[in-house]
Amino acid sequence: MDTTYVTIMLIVFLVLTGLAIDIGYLYVSEEDLQSAAETAALAGTQSIKNRILMQVQQDPRQIPAAVEDPVQAQARSVAVEAVSGKHTSVALVGLANNNGNALSADNDVTVGFWNVSSQSYTPGGTPVNAMQVRTRRTAESSSVGLGSLGDFLAKITGTETFGSTPVAIASIAARTRANLALCSVDCDPACVYPEVCAVKERHMERASRSPGQPPANNRYLFTSLSHPVTVTNTMSDLVCGEAPGQEVCGRPIYTSAGSDDILRDIRAMMYNPKFDRSNKEYDKNGRLVGWWVLAPVVDCSTASSGATFETHPVTQYSLVRITRICTSGPAGCQQQDAPRETPALACAAGESGLFLDRISCVGCGSKNLQRLPALHPVLVK
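In this note's numbering, the protein residues as written are 6 to 386.
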């Protein structure tokens, strides 16, 4: 066979291959890049939350060190891994990390402080409660597209790169999605975050006030947070539907003494092995030791004892570990046949209510509120 013909065909093949790769590169859309940035930011911020929660569980004295760390190396690795190997267009999407806190040619990840009041982000700011991620097409480097031949399409259109670098920011600034509100009398002045108190297991019951009597200790209310309960927006919908977190500190929320049906729904979610697993603790045998919940705190002294919802301002947040929830009757959230966690502590016959053994509170005006993590990261930008 004529070697000239073979050579020409080989060149044509290589050109078409480079063209195909660059066309594929073009089809990594803005949406693909934005989705990858959001995925990485959420994964990295979740890792920051996990680090703080581990200190809450093991040694609260180390919480300040965790939130003042401007590198957060493990969280950065998690963010990079979330894009590398899991995205549908992974061969054409990537991000660089040099552990710095400025976006640059060799760094696409920063950690810093998200200010809830001003809705602004400070890279490198502390306490660290947010991560910023920028994604780019990896074909902007010579490693994709057969090097210079891979830039064929860019060159004939007069463009060296198809640079599009979407940015996402995720935060764990304190917010709650709990449908339980603690009463302010249960917040011990000695247990102010980052101090987390281990207490003898408390039996918490629904708040019910008798005329002329001060509010009793160890009480709670149900809450729909800032959303009123309606026929089409029931408490069961909110509890079982995994509603997003809300920033309600200093704001009014809807509360009620409610009914056992609501507690059954919350119990079903606590013992659902697929729900909120990163905020649960297990013993060496895999039994559920406790469920960490960030709950709003209200003054229950004027709360009605009926099932009617009324508004009360949130004065504090409380980070608690619920050890068990005891109810009678059918399983909530229509989970009668669903698998459930095995509790480390079982409920005795006739027990009703919820039980907790860790508690920490922080006022809405306290600077320590900035160190308190939301238990579920959210995209803020």
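Backbone N, C-alpha and C define an ideal beta-carbon position, used for all residues, glycine too.
E36 in three-state terms, based on DSSP
E36 carries a helical assignment under DSSP once its states are collapsed to helix, strand and coil.
For E315 versus S309, is the C-beta spacing smaller than 8 Å?
With respect to S309, E315 sits close: the two C-beta atoms are nearer than 8 Å.
Please confirm whether E43 and L384 have their CB atoms less than 8 Å apart.
Yes. Within cutoff.
Taking the alpha helix (DSSP H) that A70 belongs to, which residues open and close that run?
It spans I68 to V72 - the alpha helix (DSSP H) in which A70 sits, taken as one unbroken run.
Mind checking V138: buried by the 16 CB within 10 Å criterion, or exposed?
Buried, since its Cβ has 16 or more Cβ neighbours within 10 Å.
Could you tell me whether the segment 267-276 touches the segment 326-341, using the rule of 3 or more Cβ pairs below 8 Å?
Taking 8 Å as the limit for Cβ pairs, the verdict is that the segment 326-341 does touch the segment 267-276.
Candidates C366, L374, G370 and K386, of which the one nearest P194 by Cα:
Per the Cα distances, C366.
Leaving out five residues before and five after H92 in sequence, what residues of the same chain have Cβ atoms less than 6 Å from its Cβ?
Annotation note: pLDDT 45 at H92 (below 50); position unreliable, no value reported.
Integer Cβ distance of Y126 from N373, believed to fall under 8 Å:
Taking C-beta atoms under 8 Å as the contact rule, Y126 and N373 fail to qualify, at a distance of about 21 Å.
In chain order, which continuous runs of the alpha helix (DSSP H) of length 4 or greater are located wholly inside the segment 241-307?
If we require 4 residues or more, the alpha helix (DSSP H) runs fully inside the segment 241-307 come out as 265-275.
Give a yes or no on whether the C-beta atoms belonging to M5 and I258 are separated by under 8 Å.
In the structure displayed, the chain extends from 6 to 386; residue 5 sits before or after that span and is not available.
Please name the residue in A45, D288, E346 and S333 whose C-alpha comes closest to that of I174.
A45 is the residue among A45, D288, E346 and S333 whose C-alpha sits nearest the C-alpha of I174.
Report yes or no: do the segment 283-300 and the segment 345-363 share at least 3 C-beta pairs separated by less than 8 Å?
In short, these stretches touch, since the Cβ pair count reaches three.
Using C-beta distances below 8 Å, list every residue in its chain close to E200, excluding the 5 sequence neighbours before and after it, in chain order.
Here the set comprises P65 and S365.
Please specify which runs of the alpha helix (DSSP H), each continuous and at least 4 residues long, are wholly inside the segment 83-146, giving them in chain order.
Secondary structure within the segment 83-146: not one fully enclosed alpha helix (DSSP H) run of 4 or more consecutive residues is present.
Let's see if you can read the secondary structure: which residues bound the beta strand (DSSP E) around L380?
That run of the beta strand (DSSP E) goes P378 to L384.
Taking the continuous beta strand (DSSP E) assigned at I372, which residues delimit it?
Going by the sequence as given, residue 372 is Lys instead of Ile. Element bounds for K372: n/a, residue is neither H nor E.
Between which two residues does the beta strand (DSSP E) containing E315 stretch?
DSSP places E315 in the uninterrupted beta strand (DSSP E) bounded by E315 to C331.
Flag this pair as yes or no: are the beta carbons of F360 and T328 separated by less than 8 Å?
Contact: yes.
Let me check one thing: in DSSP terms, what residues is R211 bridge-paired to?
According to DSSP, which records beta bridges pairwise, R211 is partnered with Y225.
Using a beta-carbon distance below 8 Å, is V367 in contact with chain D?
Looking at the structure shown, chain D is missing, and only one protein chain is on hand.
Relative to the alpha-carbon of G81, which residue among Q60, A110, Q51 and Q63 has its alpha-carbon at the smallest distance?
In the sequence as presented, Gly is not what sits at residue 81; that position holds Arg. The option with the nearest alpha carbon to R81 is Q51.
Going by beta-carbon coordinates alone, are N106 and T115 separated by less than 8 Å?
In contact: N106 and T115 (Cβ atoms closer than 8 Å).
Would you identify the three-state DSSP class for S176, choosing helix, strand or coil?
Strand.
Kindly list the residues whose CB is nearer than 8 Å to the CB of K205, restricted to its own chain and excluding five residues on each side of it in sequence; keep chain order.
When the five nearest sequence neighbours on each side are left out, the beta carbons in the same chain lying within less than 8 Å of the beta carbon of K205 are those of D362, in order along the chain.
So, V302 versus P318, is the Cβ gap smaller than 8 Å?
Going by C-beta atoms, V302 is not nearer than 8 Å to P318.
Start and end of the beta strand (DSSP E) containing C188?
Looking at the DSSP string, the run of the beta strand (DSSP E) that includes C188 is L185 to C188.
Per the DSSP calculation, C352 is bridged to which residue(s)?
Partner(s): none; C352 has no beta bridge.
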